[in-house]
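Numbering of the sequence shown is given in our numbering, commencing with residue 62 and proceeding in unit increments.
Glycine included, C-beta positions come from ideal geometry on N, C-alpha and C.
Below: the structure, in structure tokens.
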Amino acid sequence: MISVSEGRPAGLQGWIKSFGAWNIGGLAGWIIIFLGLAVRTLANPNRATAFTVYRLAGTHWMSAQYLYGDWRGFVYSPLAAAFFAPFGWLPPGWGNLGWTWLNAGIFLLGVRALLGTGVYPGIKQGYHGIVYLLLVPLVLGNLDTGQANPAVIGLVLLAVAAVPAERWNVAALSIAAATYVKIYPLAVGLVLLLIAPRKLGWRLLLALLVLGILPFLFQHWSYVSQQYHGWVATRSVDDRR
Numbered sequence: 062m063i064s065v066s067e068g069r070p071a072g073l074q075g076w077i078k079s080f081g082a083w084n085i086g087g088l089a090g091w092i093i094i095f096l097g098l099a100v101r102t103l104a105n106p107n108r109a110t111a112f113t114v115y116r117l118a119g120t121h122w123m124s125a126q127y128l129y130g131d132w133r134g135f136v137y138s139p140l141a142a143a144f145f146a147p148f149g150w151l152p153p154g155w156g157n158l159g160w161t162w163l164n165a166g167i168f169l170l171g172v173r174a175l176l177g178t179g180v181y182p183g184i185k186q187g188y189h190g191i192v193y194l195l196l197v198p199l200v201l202g203n204l205d206t207g208q209a210n211p212a213v214i215g216l217v218l219l220a221v222a223a224v225p226a227e228r229w230n231v232a233a234l235s236i237a238a239a240t241y242v243k244i245y246p247l248a249v250g251l252v253l254l255l256i257a258p259r260k261l262g263w264r265l266l267l268a269l270l271v272l273g274i275l276p277f278l279f280q281h282w283s284y285v286s287q288q289y290h291g292w293v294a295t296r297s298v299d300d301r302r
């Protein structure tokens with residue numbers, strides 16, 4: 062019994078040493094953030110956030126209503142509206158929480174992928190937790206208000222991280238998905254094309270086409286065409302992308 066109990070601290074200490082104290086701190090910090098966001102969201106489920114706009118757009122998508130009229134500023138593609146449609150089936154608080162966690166998860170996945178490429182050799186694996194902690198003040202406000210920026214950045218980071226590993230399908234799909242939320246990630250994709258135009262070019266074009274066609278599977282073609290026309294029209298007169 063004594064030997065077993067004495068072995069536990071040694072095992073725990075060994076795990077802490079191998080994983081890294083800073084990594085444990087980063088993990089604990091983000092767990093607290095996830096829980097804190099859950100409490101804040103569920104305690105006030107009707108709080109106005111960007112998700113309110115997204116959820117409303119999803120509801121209008123399901124009922125085939127025009128997305129780009131006086132709908133409180135929805136500016137994303139019809140694909141984004143179709144993506145948010147299932148959130149309309151959930152109570153506002155739970156839908157908001159699901160989006161908030163997904164938003165944060167995509168962002169963290171992108172950061173993890175980029176750190177895993179080794180493009181920053183000065184940041185040792187045992188100190189990755191510092192990076193995650195330093196990113197908290199930069200992203201927490203966006204997560205709290207439901208902005209899509211963390212997810213978009215996460216997708217861009219996934220694309221950038223996929224290039225050194227020659228995971229061209231991942232790079233193309235990530236850029237295409239981010240482009241249908243905010244248009245500017247396409248510029249990142251064009252920069253990545255300079256690295257491997259033959260390997261990435263046709264994949265990116267195909268990914269954009271497939272994702273662009275996807276909304277037609279969920280609504281009548283005339284309605285979807287109208288929404289694409291409205292999206293392009295609103296983006297052409299707005300300096301925000």
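So is residue i buried or exposed if we call it buried at 16+ other beta carbons inside 10 Å?
i    : result
P246 : buried
Y127 : exposed
N230 : exposed
V271 : exposed
A89  : exposed
W263 : exposed
S124 : exposed
H290 : exposed
S64  : Residue confidence is low: S64 scores 44 on pLDDT, short of 50, so the model does not pin down where it sits. Its coordinate-derived value is still stated next. Exposed, since its Cβ has fewer than 16 Cβ neighbours within 10 Å.
V285 : buried
S138 : buried
Y181 : exposed
E67  : In this predicted model, E67 has a pLDDT of only 48, less than 50, meaning its place in the structure is not dependable; the value taken from the coordinates is given anyway. E67 comes out exposed.
G87  : buried
P150 : Per the sequence shown, the amino acid found at residue 150 is Trp instead of Pro. W150 is exposed by the Cβ-count criterion.
W156 : Residue identity differs from the one stated: residue 156 is Gly in this sequence, not Trp. Result: buried.
Q288 : buried
A238 : buried
N84  : buried
I93  : exposed
V200 : buried
A223 : buried
M62  : Low per-residue confidence applies at M62: pLDDT is 41, beneath 50, and the placement is therefore not dependable enough to give any value.
Return the first residue and the last residue of the alpha helix (DSSP H) that residue i is part of.
i    : result
T178 : That residue, T178, is in no alpha helix (DSSP H); it is neither H nor E in DSSP.
G134 : Taken as a continuous stretch (DSSP letters only), G134 belongs to no alpha helix (DSSP H), as it is neither H nor E.
P246 : P246 to L254
L199 : H189 to T206
H121 : A111 to M123
Measuring alpha carbon to alpha carbon, tell me which residue in the options is nearest residue i.
i    : options                   : result
A307 : F80, P211 and A222        : Missing from the structure shown is residue 307; the chain here goes from 62 to 302 and no further.
K260 : T240, A233 and A237       : A233
V197 : A165, A220 and K243       : A165
I236 : V252, L204 and A226       : V252
V32  : L219, N203, F135 and I274 : Outside the shown range of the chain (62 to 302) lies residue 32, about which nothing can therefore be said.
L269 : L255, A257, A226 and I244 : I244
H121 : N107, R101 and A142       : A142
L265 : L275, I274 and L254       : L254
W292 : A238, P153, V136 and F144 : V136
T206 : I85, T102, I92 and L275   : T102
A312 : Y193, F145, P106 and A99  : An answer regarding residue 312 cannot be provided, because it is not within the stretch 62 to 302 covered by the chain.
L163 : Q186, N203, I184 and G130 : N203
G179 : T113, R296 and A226       : A226
G81  : P258, G190 and L199       : G190
L96  : V298, F148 and L158       : L158
The stretch 164-180 in contact with the stretch 278-285 per 3-pair CB rule at 8 Å: no
Three or more C-beta pairs below 8 Å linking the stretch 213-230 and the stretch 153-172: yes
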